[in-house]
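Here's the structure, in structure tokens; my notes come after.
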Amino acid sequence: MIKRTSAPSLSSSSVRQSDFIVAQEARATALEKADSERAQKRRENDALLDVNASKWRYESHR
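The opening position of the sequence shown corresponds to residue 1337 in the working numbering, with each subsequent residue numbered one higher.
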């Protein structure tokens, strides 16, 4: 009887775990990028607001 020695291989659970970790890191990176893009867009839009707009738009009835 011949004994086979197999080369060390990754078990399927460790492969699935590493795939999960890679996907989780990709999601985290995408979320950070989206957050920074939203923040930048908010800063750009806030710069366009007229701070005096409410003074003429809304009249107080006294």
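Yeah, the Cβ is synthetic: ideal placement off N, Cα and C, and Gly gets one too.
- One alpha carbon belongs to VAL1351, the other to GLN1360, and they sit about 14 Å apart.
- In this chain, the alpha helix (DSSP H) harbouring VAL1358 covers 1348-1384.
- Straight-line spacing of the CA atoms in ALA1362 and SER1354 works out to 12 Å.
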